[in-house]
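So the structure is just underneath, and the comments pick up after that.
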Amino acid sequence: MTLSNTIARVGEIATVLEPKNGGNVFRMAVLGVLLCLLITPAQAQTSGKKAYPFRGKVEQMNTGPKPLTVTNEPIEGWMGAMTMAYAVDNKDVLNRVKVGDQITAKVYDGDSTLYEVRAIAQPKAGASSETNKTGLRLEDFEQMALANNPTMAQVRANLRVAAGLTKQAGLYPNPTVGYYGDEIRGGYTRGGKQGGFVSQTIVTAGKLRAARRVAELQANQVETSGQVQRLRILNNVRALFYHLLAAQRLVEVRENLAKLAGDAVQTSHQLGNVGQADRPDILQAEVEQQQANVSLRIAQQNLQASRRMLAAVAGKPGMTVTRLDGDLDALPDLNYEEWLATTLRESPEVKLAQQATDRADASLSQARKAVIPDLQVTGILAHNYTPLSDTNPARATGMQGGAQVGIQLPIFNRNQGNVAAARGEIESAKQGLARLKLQIERDLAGLFREYDSARITVQQYKKEMLPRAEQAYKLYQTNYQNMAAAYPQVLISQRTLFQLEADYIQALENAWQSSLVIRGFGLMDGLSEPMSPSVGMGAPGNGPSASRATSVQ
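Just so we're aligned, residue 934 is where the sequence shown starts under our numbering, counting upward by one.
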């Protein structure tokens, strides 16, 4: 019921209850009390709970209690990126959104309901042509990769597998029905019993609940592995995007260098014609030109390969990637202590390792319950054809019933092997978590060494070396024009300047790659196989850390 309908209904109630005298005062009092009673429960659902901004893409719509299936962006402090079904506070929103829409909403702790859902306006048709003019942005490739990378479809399939296994783990065993016969014989007495039976296993000690708990924890691991895969894709796209930005910029530098080297050869020949340059000077200029042309071709091939790699990770291998729109110089400022704490707190790998420990604990509980025997209950209903007496053989005894109740005695097999294995799994999972934390510290130390070195190099090139080299080149040019310097000195200063610019671009890329690995928790391969629920996810070596990006071997 909407707020306007609620107020109208309250007004009708107040009118019915209105007394003959003092009606206005009474009516206002009733109206206020009823409004408080009607509105307060709705507010009480979310009062005292922390609110979080929510943003995601509608993947599916249905008519169930949770009608919207949404792939949300990471929500800091609440949950990572995942695809799941949500309830909505207002069913009218289902008429305003559709599959594929980007939405915003508000969520609360412990509540899977979306509040205040709003659809984000989509860009107009003309926006694509504007993007082509300015170049593709990092956000464009991220959206393409999440929509087209096949590993995301694998993750969604794995989630369905895990949900099916969880459902199956809690199902009760089926009863057994069959034929029953006893003392069957022929002859004139036609004796014997014939009928049917029903047998049922009564599961005791909460075994089904324990099995369902283990399956639910494994499903949680599959869900977390989906977050791992999503981060791998995004981080891989970001690393290739900035690699392509650097390659794009390096081609520009190499093109300028090749052009200037060609001008230098032409100038050397002209100077040689008037006796101002010797044959060695001309040969030196031609060698410089050939070196510049080779470097340009290598840079162009690297650019083309980088474009193909980025298109492949984005899930569109046939896509033609032209120019990118990004800022290679805007390096992030990272701090080791802050990112170590952030990684240990928020890394999905750490979460996955902790979940492996929880699942091992649940497996031990399940193994201990397995030794408690189940009840085997059987009910029998049969017709006894044995005559009631020898004097009246035509009259049979009639219908008879029976029952059997039994248990399996745990004498030889007390599930001791599985209990011991579960204890070992717990210890392995705990040590795996400790190992992962140490591995993160080791990897971050090496990554920050590379990041800090590259950042220092970038600052030194940007503030000191490049300005000085550019000034030296301009001074040599001026001195040469004033006949105060030889032309080879101009060539040397020119070559030094452009080589410094190429080294500066390489340092920028190194700093970006290190920072992206740090901020991406070391998860970089966007086309690696996502973990399957059929694999023992808590076993050593099966976690995502096996493919972590690290600079330390």
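Using N, Cα and C, we set each Cβ at its ideal position, and we do this for glycine too.
In this structure the region 1140-1151 does not touch the region 1209-1229; the number of beta carbon pairs closer than 8 Å is below three. In this structure, the alpha-carbon of A1362 lies about 24 Å from that of W1272. Under DSSP, the beta-bridge partners assigned to P986 are K1039. For F1074, the uninterrupted alpha helix (DSSP H) segment begins and ends at 1071-1081.
If you ignore the 5 residues before and after G1124, its C-beta comes within less than 7 Å of the C-beta of E1116, R1118, Y1318, T1319, all in its own chain and listed in chain order. Pairing R1093 with Q1364, the inter-Cα distance amounts to about 30 Å. Distances from the alpha-carbon of E1009 to those of L1001, S1132, K983, V1003 put K983 closest. Contact between L1229 and A1191 holds: CB atoms are separated by about 5 Å, below the 8 Å threshold. Nearest in C-alpha terms to Q1101, of all of D1196, V1186, G1128, A1143, is A1143. Fewer than three beta-carbon pairs drawn from the region 1438-1452 and the region 1066-1081 are found closer than 8 Å, and the two stretches are therefore not classed as touching.
Residue environment analysis places L1441 among the buried positions, since at least 16 neighbouring C-beta atoms fall within 10 angstroms of its C-beta.
Note that the C-beta distance between R1240 and V1254 is below 8 Å. In the DSSP assignment, F1454 falls outside any alpha helix (DSSP H), carrying neither H nor E. When rounded, the separation of the alpha-carbon atoms in G1103 and A1238 is 51 Å.
Buried is the label assigned to Q1181, since at least 16 other Cβ atoms lie within 10 Å of its Cβ.
Comparing alpha-carbon positions, the option among V1246, Y985, A1274 lying closest to L1371 turns out to be A1274. For Q1341, the secondary structure class from DSSP, reduced to helix, strand or coil, is coil.
As computed with DSSP, R1051 is found in a beta bridge with T1037. At a Cβ-Cβ threshold of 8 Å, A1152 and A1095 count as neighbours. Residue environment for Q1154: buried (at least 16 other C-beta atoms within 10 angstroms of its C-beta).
Restricting attention to beta strand (DSSP E) runs no shorter than 3 residues, the region 1293-1379 encloses them at 1308-1320, 1329-1340, ordered along the chain. Note that the region 1198-1210 does not touch the region 1126-1144; fewer than 3 beta-carbon pairs, one per stretch, sit closer than 8 Å. DSSP places T1255 outside any alpha helix (DSSP H), giving it a letter other than H or E. T1109 is bridged by DSSP to S1132. In the DSSP annotation of this structure, the continuous segment of the alpha helix (DSSP H) that includes T1411 starts and ends at 1399-1414. For L1001, the enclosing beta strand (DSSP E) starts and ends at 1001-1005. By alpha-carbon distance to Q1414, the top candidate from N1348, A1245, T1200, Q1234 is T1200. The beta carbons of N1169 and M1457 sit closer together than 8 Å.
In the structure shown, G1068 adopts coil according to DSSP, grouped into three states. DSSP links Y1019 through a beta bridge to L1001. Contact check between the region 1422-1436 and the region 1395-1409: three or more CB pairs, one atom from each, fall below 8 Å, which counts as touching. In the structure shown, M1464 falls within a coil segment according to DSSP collapsed to helix, strand and coil. With 16 or more other Cβ atoms from the protein chains shown falling within 10 Å of its own Cβ, Y1384 counts as buried. Listed as beta-bridge partners of G1114 by DSSP are Q1127. Per DSSP, K1031 lies in no alpha helix (DSSP H) and is assigned neither H nor E. Beyond the five residues adjoining it in sequence on each side, K1302 comes within less than 6 Å, by CB distance, of A1138, K1140, A1143 in the same chain, given in chain order.
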